[in-house]
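Written out below as structure tokens is the structure these notes cover.
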Ligand code: ACO
């Protein structure tokens, strides 16, 4: 694992409330499609079993978007819920960032389509791609715009229709993923609670652990590329697993080091929901109790960039923590990428 190249940041309070600026999460929301695909359903599609999937991953079911439901639709639903939660009108949003590896199309951006759906006419809009770390990367980008006085209100969304890039003939991957979206409204709230620090990291030397080969400039869609199933996600499971544990541990420790807090101060850890065994291993390495670790992957599987946002929404609205508690978001994904965000709620 290469070292994290992150700016040294010694005083979280300075950033938390810097020159009269502060970046708070004022609303969260999520959306998952209504169609449920259970492990029993998958047993009829590929050579697998509920027992194998449950013991290796902890996943029991996942949500699958309808044929006429796209990433921008999932993102829009989650965004509407987050805006309502924050009490913010769509016309007051100044920037929309959509983190996704399954945009509706190569361009325009999914964020532009969400802007249209919401009628958020004042907002700039762009997509961000950091695979499963996308939501945390987007939080950090949003925070930078807020702290630099560029914007006061930013909408961050992680949204995926992974069912569109999953190879339903490949049992190594098709049992792992699901569709959904999570969103957060970030606002300047001077003197209030907020995002203390965010860590981002990447290691492109390991880009071939997790990828979709076809559809970009390297391998545009052709009859041959489709026949060779190059437009589906491929993954080296075991190596990905090892790197995931190590990267999330490093990202968590760096965030806590910057803010001079130890694990006992963290009320709730919300990791990317890829695999129960990865989450347990990260928790053990950090010295966290199982009660500190939030999981909902048994219901949704791995929803990539959406996973942390969906989990954050469920954790907030199920009362897992309260105003003033410290929470830690963790993610890891293709790229490789990783990230963490320490938040005083
Ligand atoms: N059902 C039954 N058998 C299966 C299945 C399945 N669905 N999938 C694989 N197998 C078989 C394989 O063929 C292999 O069989 P073989 O030994 O005869 O060749 C065997 O099971 C593999 O077993 P293990 O290697 O022991 O499986 P492992 O414990 O590594 O678990 C898993 C596999 C679940 C994929 C794990 O490696 C994992 O979770 N990796 C991390 C994945 C991940 O977190 N990705 C996140 C990033 S996602 C993103 O960025 C978009």
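In my numbering, the protein residues as written are 622 to 966.
All residues carry an ideal CB built from backbone N, CA and C; glycine is no exception.
On a predicted model such as this, the values are computed, not experimentally measured, just so you know.
My assumption, with CB atoms under 8 Å, is that residue i sits in contact with residue j. Please give the rounded CB distance.
i, j, result
"residue 720", "residue 758", "6 Å"
"residue 654", "residue 695", "7 Å"
"residue 777", "residue 817", "Incorrect: roughly 17 Å between the Cβ atoms, too far for contact."
"residue 896", "residue 678", "5 Å"
"residue 880", "residue 768", "Rounded, the Cβ-Cβ distance is 16 Å, inconsistent with contact."
"residue 669", "residue 796", "6 Å"
Measure from the alpha carbon of residue i to the alpha carbon of each residue in the options, then state which is nearest.
i, options, result
"residue 708", "803, 646 and 859", "646"
"residue 731", "755, 692 and 768", "692"
"residue 882", "932, 821, 965 and 704", "965"
"residue 847", "675, 859 and 833", "833"
"residue 864", "668, 960, 737 and 674", "960"
"residue 798", "652, 894 and 929", "894"
"residue 935", "768, 776 and 889", "889"
"residue 872", "823, 695 and 843", "823"
"residue 648", "775, 687, 742 and 765", "775"
"residue 781", "764, 849 and 929", "929"
"residue 702", "856, 947, 940 and 802", "802"
"residue 905", "715, 840, 870 and 819", "870"
"residue 915", "949, 737, 855 and 689", "949"
"residue 913", "921, 941 and 744", "941"
"residue 850", "937, 642, 789 and 770", "789"
Buried or exposed, going by whether 16 or more other CB atoms sit within 10 Å of the CB of residue i?
i, result
"residue 793", "exposed"
"residue 952", "buried"
"residue 886", "exposed"
"residue 629", "At residue 629, the pLDDT of 49 sits below 50, so the modelled position is not reliable; the number obtained from the coordinates is stated separately. Residue 629 is exposed by the Cβ-count criterion."
"residue 626", "In this prediction, residue 626 has a pLDDT of 46, which is less than 50 and means its spatial position is unreliable; nothing more can be read from the coordinates."
"residue 717", "buried"
"residue 660", "buried"
"residue 784", "buried"
"residue 845", "exposed"
"residue 812", "exposed"
"residue 963", "buried"
"residue 814", "buried"
"residue 955", "buried"
Closest Cβ-Cβ distance between residue i and chain B: below 8 Å?
i, result
"residue 892", "Structure shown: chain B not included; a single protein chain is present."
Using a threshold of 8 Å, state whether the C-beta atoms of residue i and residue j are closer than that.
i, j, result
"residue 722", "residue 926", "yes"
"residue 805", "residue 933", "yes"
"residue 749", "residue 957", "no"
"residue 735", "residue 745", "no"
(request) Report the residue ranges of all beta strand (DSSP E) runs contained in full by the region 680-763; include only those spanning at least 3 residues, in chain order. (result) You should have 682-685, 716-720 and 745-749.
(request) Could you name each continuous alpha helix (DSSP H) segment of 4 residues or more that falls completely within the region 764-817, going from the start of the chain to the end? (result) DSSP runs (the alpha helix (DSSP H)) wholly in the region 764-817: 792-795.
(message) Ignoring anything shorter than 4 residues, give me the alpha helix (DSSP H) runs that lie fully in the region 858-901, in order along the chain.
(response) 858-880
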